[in-house]
């Protein structure tokens, strides 16, 4: 266990570095490997020019390495500083660790694998026996490394959405590359400035290449598009599922109001129908069939609004913008003709943004893939026990969902 050749091979050390000694603390189950360098010039970490060694800075540093057998392994070395004529006095780069890290690259690589396997910081901590702060530091370096390595990719279809990271109104904004299925960037908050900051991080070529951006009807995000993108701007596609959810909310409000009116008359027609009326007929559970058929034949306002919601769902089946515009006009006239104010509000909301709704006919995208990542993102949030800072939560999302090359 104290043979330097074993550690030299495992650490992949080469000239001028060599192992001077190995100390084993059996009671503590620790191995301490001391590394030094041969006398002579060393390369400047910036320009790689061979330079004289000025000194060994602030003395010995210690790095945690992968366990060997059952022993925790620590690497020790005094860090030489070179005196470069061009770049001045700089600490040399060592082959086993990255600058500012107190873990070997092999150890960090294993932590990254543990994080990706367990999907939780706590899981990686338990496996690797390190602290929360140490794990977070490894994640931060991995994300920074991945972002530096990321090549400029064409962004054609993207989606913007917000995610909460703790109780209260604490959000991060996410931009997803829909064609690659990964998160491209994050920013604190859910304001116009939040999305603007992500979009402005794109290159001019990427900005010009975006054809469509999916989002819900959050007005600050819509305004961010006008700020960043030059004319002709990419198409904004308001997410169909968010729009239908507004209609579902209207349906539920009408149901509640009408159920109270019926209860005052001693009727229970709508009792227990909350979940039933949200189903489309194509996926209605068998247990609701008879009651659903009875509701459809009734003259209740709830039955009318449910039918209006179902007709709205087919707006996105239109073959083109012109057909969709005509379809919506007929639907809107029907809804307004029934005189149900709660539905009229939804009609007005869609009408004000109609161009950004029916743009789906040309660009059939949605925030659905981003919502599909919600299980991973929520697992990240739960594992963090409610992140206190948006930047930390955003970093964790980029680690697990950014499609980055994270390894040292």
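Residue numbers (the numbering used here): 32 to 439.
For glycine and all other residues, C-beta sits at the position ideal for the given N, C-alpha and C.
Here residue 59 carries a coil assignment [DSSP, helix/strand/coil].
Judged by their CB atoms, residue 49 and residue 67 are nearer to each other than the 8 Å cut-off. Cβ neighbours of residue 389 within its own chain (closer than 8 Å, five residues either side excluded): 346, 349, 352, 355, 356, 359.
Unbroken alpha helix (DSSP H) stretches of 4 residues or longer found wholly inside the segment 294-374: 320-328, 332-344, 352-368, given in chain order. Annotation: residue 222 to residue 57 spans about 57 Å, alpha carbon to alpha carbon.
In the structure shown, residue 264 adopts coil according to DSSP, grouped into three states. In the DSSP assignment, the residues bridged to residue 83 are 114. The C-alpha of residue 94 lies about 8 Å from the C-alpha of residue 132.
Judged by DSSP in its simplified three-state form, residue 74 adopts strand.
Our two residues, residue 97 and residue 140, have alpha carbons roughly 10 Å apart in a direct line. In this structure, DSSP gives residue 133 a state outside helix and strand, which the three-state scheme calls coil.
Rounded to whole angstroms, the separation of the alpha carbons of residue 216 and residue 187 is 15 Å. The segment 186-204 makes contact with the segment 387-403: 3 or more CB pairs, one atom from each, lie closer than 8 Å. Judged by DSSP secondary structure, residue 104 falls within the beta strand (DSSP E) whose first and last residues are 102-109. Residue range 163-180 is occupied by the alpha helix (DSSP H) that includes residue 170, with no beta strand (DSSP E) assigned at that position. Comparing alpha carbon positions, the residue from 231, 109, 123 closest to residue 115 is 123. Annotation for residue 259: no beta strand (DSSP E) segment contains it, though the alpha helix (DSSP H) segment containing it runs 250-259. Sequence-distant Cβ neighbours of residue 82 in its own chain, meaning closer than 8 Å and more than five residues away, are 72, 73, 74, 75, 113, 114, 115, 116. For residue 374, the closest alpha carbon among the candidates 61, 69, 280 is that of 280.
Leaving aside the five residues that flank residue 254 on each side, the residues in its chain whose CB is nearer than 8 Å to its CB run, in chain order, 223. Between the C-alpha atoms of residue 105 and residue 166 there is a straight-line separation of about 17 Å. In this structure, the alpha-carbon of residue 151 lies about 6 Å from that of residue 411.
Comparing alpha-carbon positions, the option among 160, 107, 300, 294 lying closest to residue 331 turns out to be 300.
Straight across, the Cα-Cα distance linking residue 63 with residue 55 is about 6 Å. Within the DSSP bridge table, the entry for residue 205 names 192, 217 as partners.
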